[in-house]
Amino acid sequence: MRIACLGGGPAGLYFAISMKLRDPACEIDLYERNRPDDTFGWGVVFSDQTVGNLIANDPVSGAVIQSEFAHWDDIEVHIHGQTIRSSGHGFIGIGRKRLLNILQQRAAALGVNLRFEREASADLADWAGYDLVIAADGANSRIRDRYREHFGVDVQTRRNKFFWFGTEKVFEAFTFAFERTEAGWVWAHAYRFDDNLSTFIVEMDPETWAGLGLDAMDQPAAIALCERIFAQYLDGRALVSNATHLPGPRAWLNFRRIVCATWSFENLILLGDAAHTAHFSIGSGTKLALEDAIKLAEVLNRPGLTRDAALAEYQAERNLEVLKLQNSARNSTEWFETLERYLHFEPIQFAYSLLTRSQRVSHENLRLRDKAWLEGVERWFQSQARGHEVNEPAPPMFAPFRLRAMETVNRVVVSPMAMYSAREGTPGDFHFVHYGARAQGGAGLLYTEMTCVSPEGRITPGCAGMYAPEHVEAWRRIVAFVHANSAAKFCLQLGHSGPKGSTRVGWEGYDVPLEAGNWPVMAASDVPWSADNQVPRPMTRADMDRVVAEFVAAVAMGLDAGFDMIELHAAHGYLLSSFITPLANKRTDEYGGSLENRLRFPLEVFAAMRAAWPSDKPMSVRISANDWMGELGVTPDEAVEIGRAFAGAGADLIDVSAGQTWADCQPIYGRMFQTPFADQIRNEGRLTTMAVGNIYEPDHVNSILAAGRADLVALARPHLIDPMWTLRAAAQQNYRHVAVPPPYLGGMAQLARNLAREAELKA
Ligand SMILES: Cc1cc2nc3c(=O)[nH]c(=O)nc-3n(C[C@H](O)[C@H](O)[C@H](O)COP(=O)(O)OP(=O)(O)OC[C@H]3O[C@@H](n4cnc5c(N)ncnc54)[C@H](O)[C@@H]3O)c2cc1C
Ligand SMILES: Cc1cc2nc3c(=O)[nH]c(=O)nc-3n(C[C@H](O)[C@H](O)[C@H](O)COP(=O)(O)O)c2cc1C
């Protein structure tokens, strides 16, 4: 087999090596436009695991690489004049040039024809003599771009500017240094990669870059400026550029995120950065390139696979790993792009947020890396929450939380969940057992299902209500049980179904109209939820007055029933949400158009409820922070404004859900998928938020809280199958100060013992 490798970076060289090892008879010509010693960049970092893969693939080059790696464990974060140092992170670094030299020597020794200073053609016709053409020509691959429609190339140019410097200052820890300048924040990612050299990447947002005059500054002046900004870290050592051939402003790069739907076309295969890039802040680009190379060589030599089958297999086996890394890289990129959100954090929380930014590292990962440091974070978190010095570390989820005069014993919340089991709006024995069991399960705050303020405001005939005296009695019985038998606080969620009303109970089809007995529905505009649903009547002012009065009456009944808190449901496409989302609100009066107009009626409802609810008791509002319809709908940026507006009307907590506002929306699901919106609203809007949505592990909850991404964490479906979710989480974490119903103490003790024993055996 004859193979042409276009590009002699890590991907091209390592593929050639891996292929030759498996099939010494194949002929490989590698074309690299540069000389062997010319390269961009300085050092690269890997994890210990990547080196293990290299040694397993080629013990010869692997051993050399391993012997030359600089290894370090600590990460230092410098912010606001403080240094936060944590350990156990296990990185290794090597010079890019040295890595390439090792690979070049090994490739030459295995018989690869290395052709340096040869510009590779981007025309497949020029490679007709080869069985395979490997496009390993990096992120700017010309041949990929030539055939871009076959690869489905998607390029995103990110906003921040960065410069990849080297320096002789040897950083013993992986260092993140954040400095404020007169034009904005500038930061460095620095790490040692051999005995006397370090990588030093300087990054900033484009406004700061322009504000500092770097858009018109030559390289020597830019370097001098960066040396001044980071003088305290450089100990008088210079910053060195190896892009000196470029004019100053062009030496500053924007990261380009590249995704390709398909990695091969005919006999042309994309490898490494040509196929996909990962932001430098998670240091995985070279790892991906090397692991691609191993996999491609392996499938090409797998018996019984045709070339095309091998290429399909290559992508199938690599895709998930690449997607996962690109996901983490996106989170990390965005963290640095939205740095301003976190600058008001205390340094210890800022460092925690930085360390967990990609969401690959969680609370428990940090415990494994540096238990003492993590316990310091836990003590800090508990001290903040309790308002006094706490010496015992404890999981963040078990910190109390205060909203006005109400204090929850912990930060776990049973999210509102419609049970569709009421009769004429009256909750019955099902609800008594359901809420009673979940209250006894240890969550600090329990929400009712959406409880409707009128018969027409119900979603289904099975929805609970708060519009008749018998409803108050039924709820009072449940509330009394919760208060008498648990430490949980109880929040009444009030809502009106609007355009999604008059439908069947959930298990008979979501949002499907009733077979008989439908009632007329209303909304902001005459926009139906779907072609199968009723066209709603646009609300008149008289309708609005009636609905405001119904909400206010329900609040008074909630007070009578003994609830601790009220939430207004303004999410998920129901009545108030139909005003907020521009997709459903087509009004041309003062209730439609601008966000201010679209919020007018929901805010009026909220303010009227607030006035009817005692001032020492808290209120929250649930919003859909993203319509998942791009700029056509509510965006997370707009949700910050929505949160601020409700806070202005007296909301103490923004309960941040998303979606369900438009039938054709395209949500991006995943673990904790809505938490970024709670984070944005909390830290950009400086508001109190609750996160919800596919959060199911105690580790998720602790990570979200300690990183300051939300103040409370709600779990819905996990509580459907496990009412005791919080008690189980306490047992898992060996946390003993949780309120357990006395008759259940024995079970709790046994669970804690068994889990501890299992953990010991596993260790
Ligand atoms: C600032 C920065 C920091 C980074 N830090 C890290 C890190 O710490 N750890 C990490 O793992 N990764 C890091 N990366 C990413 C890493 O550099 C890349 O992911 C990795 O180099 C990809 O390898 P590759 O072989 O696919 O591409 P490249 O390394 O880009 O190699 C492509 C090669 O092809 C050659 N070439 C291009 N076009 C032609 C042509 N037409 N003819 C002939 N030759 C051609 C180029 O000269 C080059 O040598 C970083 C990247 C940046 C920008
Ligand atoms: C059966 C069921 C009923 C729900 N009913 C409501 C509701 O009445 N009010 C509400 O705001 N959200 C409701 N939700 C949404 C949940 O509160 C929560 O936001 C969503 O399920 C995502 O959280 P999870 O991944 O923890 O389940 C309901 C969810 C489920 C599964």
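So my numbering is basically just the index in the sequence shown, starting at one, shifted up by 12. Glycine is no exception: its CB is placed at the ideal position from the N, C-alpha and C atoms.
Distance check for Trp84 and Phe689, CA to CA, integer angstroms please. Looking at the two C-alpha atoms, the distance is approximately 35 Å.
Might you give, ordered along the chain, the residues of its own chain that have their beta carbon closer than 7 Å to the beta carbon of Pro614, omitting 5 neighbours on each side? Here the set comprises Ala582, Leu588, Phe591 and Ile592.
Could you tell me whether the Cβ atoms of Gln686 and Val713 are closer together than 8 Å? No.
Does the beta-carbon of Arg45, which I'm using as the reference point, lie nearer than 7 Å to any heavy atom of ligand 1? Yes - ligand 1 has a heavy atom lying nearer than 7 Å to the Cβ of Arg45.
Alpha-carbon spacing of Met431 relative to Met556, whole angstroms: Whole-angstrom Cα-Cα distance: 27 Å.
Through-space distance from Ser253 to Leu323, alpha-carbon basis: CA-CA distance, Leu323 to Ser253, rounds to 39 Å.
Given a threshold of 16 other Cβ atoms within 10 Å of its Cβ, counted over all protein chains shown, does Asp230 qualify as buried or as exposed? In the assembly as shown, Asp230 is an exposed residue. Its beta-carbon has fewer than 16 other beta-carbons within 10 Å.
Give the range of the alpha helix (DSSP H) segment to which Phe563 is assigned. First-last of the alpha helix (DSSP H) with Phe563: Arg553 to Ala573.
Leu312 and Met31 - do their beta-carbons sit closer together than 8 Å? Yes. Within cutoff.
Roughly how many whole angstroms lie between the Cα atoms of Leu115 and Ala75? Each residue's CA atom was taken as its position, placing Leu115 and Ala75 some 12 Å apart.
DSSP three-state assignment for Asn343, whether helix, strand or coil: Of the three classes helix, strand and coil, the one that applies to Asn343 here is helix, per DSSP.
Run the proximity test for Phe188: is its beta-carbon closer than 7 Å to any non-hydrogen atom belonging to ligand 1? Outside the cutoff, so no.
Go to Ser632, then tell me how far its beta strand (DSSP E) extends in each direction, as first and last residue. Met631 to Ser636 is the extent of the beta strand (DSSP E) around Ser632.
I need the DSSP call for Tyr245, collapsed to helix, strand or coil. Secondary structure of Tyr245 (DSSP, three-state): helix.
Under DSSP, the alpha helix (DSSP H) around Ile67 begins and ends at which residues? Counted as a single uninterrupted DSSP element, the alpha helix (DSSP H) harbouring Ile67 occupies residues Asp60 to Asn69.
Taking only runs that begin and end inside the segment 207-295, name each unbroken beta strand (DSSP E) of 3 or more residues, in chain order. Residue ranges of uninterrupted beta strand (DSSP E) with 3 or more members, entirely inside the segment 207-295 and ordered along the chain, are 209-216, 265-272 and 280-282.
Residue range of the beta strand (DSSP E) that includes Gly105: Counting along the chain, the beta strand (DSSP E) containing Gly105 begins and ends at Phe103 to Gly107.
Per DSSP, what are the beta-bridge partners of His201 in this structure? Answer is Phe188 and Ile213, bridged to His201.
Look up Thr687 in the DSSP assignment and say whether it is helix, strand or coil. It is helical.
Consult DSSP for Leu144 and reduce its assignment to one of helix, strand or coil. The DSSP-derived three-state label of Leu144 is strand.
Once DSSP output is grouped into helix, strand and coil, what is the label at Glu194? Residue state for Glu194 is assigned as coil, using DSSP reduced to three classes.
Compute every distance between the C-beta of Met462 and the non-hydrogen atoms of ligand 2, then say whether any falls below 7 Å. Within the cutoff, so yes.
Give the single residue among Leu112, Glu376 and Ile91 whose Cα lies nearest to the Cα of Tyr26. When only C-alpha atoms are compared, the closest one is Leu112.
Can you list, in chain order, the residues of its chain with a C-beta nearer than 7 Å to that of Arg622? Leave out the 5 residues immediately preceding and following it. Take Arg622, set aside five residues on each side of it, and the residues of its chain with a beta-carbon closer than 7 Å to its own are Met631, Ala661 and Gly662, in chain order.
Span separating the alpha-carbon of Tyr459 from that of Gln94: Between Tyr459 and Gln94, the C-alpha separation is close to 41 Å.
Enumerate in chain order the residues of its own chain whose CB-to-CB distance from Gly454 is below 6 Å, with the five nearest sequence positions on each side excluded. Contacts found: Thr738, Leu739 and Val750.
Enclosing alpha helix (DSSP H) for Thr298 [first to last residue]: Element bounds for Thr298: Gly297 to Leu312.
Among Ile15, Phe563 and Thr700, nearest to Asn279 - alpha-carbon criterion: Nearest C-alpha to Asn279: Ile15.
contact_flag[the segment 460-475, the segment 558-572] where n(CB pairs < 8 Å) is 3 or more: Yes, the segment 460-475 touches the segment 558-572.
Taking only the alpha-carbon atoms, compute the straight-line gap between Asn545 and Gly529 and give it to the nearest angstrom. Separation of Asn545 and Gly529 (C-alpha to C-alpha, rounded to the nearest whole angstrom) is 14 Å.
Where does Leu699 fall in DSSP's three states? Shown here, Leu699 sits in coil according to DSSP, grouped into three states, outside any helix or strand.
Spatial distance of Pro359 from Phe190 (CA atoms): For Pro359 and Phe190, the distance between alpha carbons rounds to 11 Å.
What does the alpha-carbon distance come out to for the pair Val182 and Tyr747? If you draw a straight line from the Cα of Val182 to the Cα of Tyr747, it is about 42 Å long.
Tell me which same chain residues have a C-beta within less than 6 Å of the C-beta of Glu376, skipping the five on either side of it? The beta carbon of Glu376 sits closer than 6 Å to the beta carbons of Asp711 from its chain, once the five residues preceding and following it are set aside; these are given in chain order.
Can you look up Ile471 in the DSSP assignment and give me helix, strand or coil? Of the three classes helix, strand and coil, the one that applies to Ile471 here is coil, per DSSP.
Rounded to whole angstroms, what's the CA-CA distance from Ala620 to Gly102? Just pull it up for me. Their backbone Cα atoms lie some 56 Å apart in a straight line.
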